[in-house]
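Asks:
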C-alpha cells in the first residue's frame, strides 16, 4: 500500500471491493437489511411488529439474525433467501429490504493554511480559534471507519477534563485492545464482527489499515509538535477540535470492506452513546447510487440528525466527472477535497541545467548532477509489445537491455496509479522514472527510495530533448500558489438524488494531509526506515474530518444549535478566494463552481459567529421525502416524530425540493417562460439588538435574479425573517449557471450559492 495513493487500498483492494460489491447488490441468498423506520419511544425496546417479525424469522432459522437495530431506528440484518427477502418486504411496518452492501473508504499544515485563508471578521475572543488546545470543546465526535491506533501521541489526554457525564458508550475489549487503551481523549471504541462467511475475521477496534487513525487525528487529535513524514512536512500535528473526544466505531475491516449492516449498527449505537457529531469518510461508489431507503448511510444519518447529531460525510473520489457526488441526502454535510499551500517537490535537472518542477515523494540517493541517460518508454519497447503499453511503461512492454541504468520517461495515458509505472522500470534495473501526467497535479504519490517524479504534459517535450538528467530528492516548500485548488479526484455535482439539492456542500483540505498512522505498518516505510508514526494520504476521506472537527467546535460553543444550524454556519461563512486573492479554481485552472466545492472552502473560525443561519426543519425533511415520491404511510414509518396533522402537499414534485430551507439553492427543469420562485428563512444567532441586513446578488448575465424584500431586520436572538427569490431568463439556458445571494449588516456576511439548470431531474 502506498501512502499517497488517493484511494488508500490500492488496485488489489479495489478489485476485491468491486467483487464484494457486485455480490451484495445481486438478488440472491445472503445477508439482507430489513429497515423498519423509527424506533419505539421506549428506549432499547422493540416495536411490536419488529419483535413479531424477528420471532417468526428465528423460528425458521435460529442462526439467521446478524444484528438488530433498536436505539435510533428499527430493523435488523439477517441471512435470508431472495424469496424470504421479497416476502418480508411486503409485511406491514417494513419500509425496505435490500442486500447488505459493501461500501468503500474515500481515501499539520492544513489547519495553519485554513487559518491563514480565513477572511471572516469576528469578535476578539481568545477561545474562538478552532485549533485552541484549551478545554473549549467538550463535543464528542463519533467516527465510523477502520478503527484506531490508541498508542499514537495524537490521542494523548494531557490537560483534558473529565469525560462528559452524558456519555453512555463503551470501550470494547479484544485480543489486541482493552479498556486501558481508552482515556479522556478516546472515550469509546466499538467494532462490528465480520460476517461469518468472511474468509478472514477481525473483531477489534484496533486499526489495521491506518485510515481510521488518520481520520480521527485530523478531526480531534491532540497537539503534537515536531512531527513529519521522514523529515518532510515537518511541523505541529493537531486536529480541528483538539479538545473534543473521540468515539471510534470500526465498521470497515482490512479484507471485507465496510458493510452496510455494520454501518447501520454503528449509527444505532452512536445515537444511544450520546455523540454530537458523526464523521464518515466512506460511501457507495458513484456508479451505484441507491435510493434513500436502500442507503445505509442516508438512513442512519436521517435518524442521527433527528436525535440532534450533525453527520458529516465525504463526497467521494470519482471526480472530476460531473454527477459523481455521493452521500448527498439533504440532512448530511457533504465534503469535497481541495489542496493546501504545501507542495512535495521532486525536480528534474536536465543536461543543460534546466530545472523542471516535478511532484512526488522520494528519498532517493543518486547524484544531483545530470549524469544519467534518458530513454523514452516508446523507444525502449519490446519488439512484440504494444506501443501505448510501452509509452505507459506497462508490465512486459519494455526491453530490459534498453532500460537498465537509465531514467525512463513514461506517460500516464491510462490514468493508473503512478506506482505501477515505477514497479515495471525498477524491476528491469532502471535508475528512475519521470512520469508525464497532467491530471495528478497537486497530489504527490510516494515512491520510497526509488528516484521518481511526476511532471506536467507541458514539460514533457523538454525532457525528451535532453540526453541526460537526474531526479532530486523531495522537499516540501510551503506558501505554494495558487491554493486551494479543488482536487481532481474530488467527486462533483450535480447531485442526482435528486438534483434540486446542491451538493457538495463545502470543500476542505484533502490532498497530502499529514496525520497519525498505525505504528506497525512496515509496508509504508521506505527501505531502511522504521514504520511511520504520521503519514501523508489524500482523498475526500481526509477532507471530511476537517469539517467534522469544525462542526464539533461550533457545537461546543453553541450547544443548543441544531445540526442544520451548524451546517448553515459552515456553508454561509465559506471562502471562495485563493491565496492569490483570485477565485478558487479546479485542477484545470478554471474557476470552481458550486458543483465543484459547494459554498466554497471551509473557514475554521467563521462558523463560530455566522450572524444568521438557515434552519432546515423536521418539516422540511418530511416535505423532501414527500417531493421525492414517498407516500405519507411510508414517511410516518420512517420518521421518529411527525407533527399532528402533517400530510404531504397535494402537488408534491421533485421541483418543489428547491423550496426546502437549505443554505444553498438548486433548480432543475428551469423554464425561462415560467421562471421559478423559491423561499428561504433566516434565523438570527448574533444576539439581541437591532440589525438590518441588505442583500447582494451575484448572477450571470443570462439569468435575472430578484430578491424580495431586499432588506431584513432582526431585533432579538432567535428572530426569523423570510425572503423570496425569483429566477427568470429572456432565453433558454444552454448550460447550467451559477451565482450567489449574500446578506450583510457590515459585520457578518451570510452567503448562499445557487445553481440553475434547464435539464430535467431524472
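Numbering (mature numbering (1 follows the signal peptide of the UniProt record, and there is no 0)), first residue to last: -26 to -1, 1 to 736.
C-beta atoms are modelled at their ideal positions from N, C-alpha and C, and glycine is treated no differently.
#1: Which stretch, first to last residue, makes up the beta strand (DSSP E) that contains residue 341?
#2: Does DSSP classify residue 162 as helix, strand or coil?
#3: For residue -2 and residue 74, what's the separation of their Cα atoms in angstroms?
#4: Spatial neighbours of residue 128 within its chain, please: CB distance less than 7 Å, with the 5 preceding and 5 following residues excluded, ordered by chain position.
#5: Cβ of residue 695 within 7 Å of Cβ of residue 113?
#6: Helix, strand or coil: how does DSSP classify residue 298 here?
#7: In chain order, what residues of the same chain have a beta carbon less than 6 Å from the beta carbon of residue 24, not counting five sequence neighbours either side?
#8: Could you have a look at residue 355 and say whether DSSP puts it in helix, strand or coil?
#9: Thinking just about the alpha-carbon of each residue, which of 639, 544, 520, 610 is nearest to the one in residue 313?
#10: If I'm right that residue 302 touches residue 480 with Cβ under 8 Å, what's the distance once you round it to whole angstroms?
#11: Which same chain residues end up closer than 8 Å to residue 734 when comparing Cβ atoms and leaving out the 5 residues on each side of it in sequence?
#12: From what residue to what residue does the alpha helix (DSSP H) around residue 406 run?
#13: Counting only runs of 4+ residues fully inside the segment 506 to 560, write out the alpha helix (DSSP H) ranges in chain order.
#14: Could you check how far apart the C-beta atoms of residue 180 and residue 121 are, in whole angstroms? I think they sit under 8 Å.
#15: Less than 6 Å between C-beta atoms, sequence neighbours within five positions excluded: which residues of the same chain meet that for residue 403?
#16: Thinking just about the alpha-carbon of each residue, which of 631, 386, 380 is nearest to the one in residue 401?
#17: Nearest CA to the CA of residue 207: which residue from 418, 455, 355?
#18: Can you look up residue 572 in the DSSP assignment and give me helix, strand or coil?
#19: Give me the DSSP bridge partner(s) of residue 483.
#20: Excluding five sequence neighbours on each side, which residues of the same chain lie with their C-beta closer than 8 Å to the C-beta of residue 341?
#21: In this structure, does DSSP put residue 265 in helix, strand or coil?
#22: Measure the beta-carbon distance from residue 411 to residue 386 and round it to whole angstroms, keeping in mind my assumption that it falls under 8 Å.
#23: For residue 622, which residues from the same chain have a beta carbon less than 6 Å from its beta carbon, with the 5 sequence-adjacent residues on both sides left out?
#24: What are the boundary residues of the beta strand (DSSP E) that residue 241 is part of?
#25: So which of 422, 457, 588 has the shortest CA-CA distance to residue 553?
#26: Can you give me the Cβ contacts of residue 150 inside the same chain, cut-off strictly under 8 Å, excluding the 5 residues immediately before and after it?
#27: Assign residue 345 to one of two classes, buried (16 or more other C-beta atoms within 10 Å of its C-beta) or exposed (fewer than that).
#28: So residue 264 and residue 237 are in contact, right, with Cβ under 8 Å, and what is the actual spacing, rounded?
#29: Is the beta carbon of residue 408 less than 7 Å from the beta carbon of residue 437?
#30: Would you decide whether residue 399 is buried or exposed? Buried here means 16 or more other CB atoms lie within 10 Å of its CB.
#31: Excluding the 5 residues flanking residue 17 on each side, which residues of the same chain have their C-beta closer than 8 Å to its C-beta?
#32: Beta carbon of residue 726, beta carbon of residue 638: below 7 Å?
#33: State the DSSP-derived secondary structure class of residue 615, mapped to helix, strand or coil.
#34: Return helix, strand or coil for residue 565, following the three-state DSSP convention.
#35: Near residue 472, what residues of its chain come up, given a Cβ to Cβ distance below 7 Å and the 5 sequence neighbours on each side ignored?
#36: Residue 502 to residue 394, Cα distance in whole Å?
Replies: Reading off the structure:
#1: That residue, residue 341, is in no beta strand (DSSP E); it is neither H nor E in DSSP.
#2: strand
#3: Residue placement at residue -2 is flagged as unreliable, the pLDDT there being 49, under the threshold of 50; a coordinate-derived value is accordingly withheld.
#4: 191, 195, 196, 198, 211, 490
#5: no
#6: coil
#7: 10, 48
#8: strand
#9: 520
#10: That pair is no contact at about 13 Å.
#11: 642, 643
#12: Not the alpha helix (DSSP H): residue 406 falls in the beta strand (DSSP E), residues 406 to 410.
#13: 514 to 531, 537 to 546
#14: 5 Å
#15: 378
#16: 380
#17: 418
#18: coil
#19: 312
#20: 444
#21: coil
#22: 4 Å
#23: 600, 606
#24: No beta strand (DSSP E) contains residue 241, which is instead part of the alpha helix (DSSP H) from 234 to 247.
#25: 457
#26: 178, 180
#27: exposed
#28: Actually they are not in contact, since the Cβ atoms of residue 264 and residue 237 sit about 12 Å apart, beyond 8 Å.
#29: yes
#30: buried
#31: 45, 246
#32: yes
#33: coil
#34: strand
#35: 602, 628, 631, 735
#36: 22 Å
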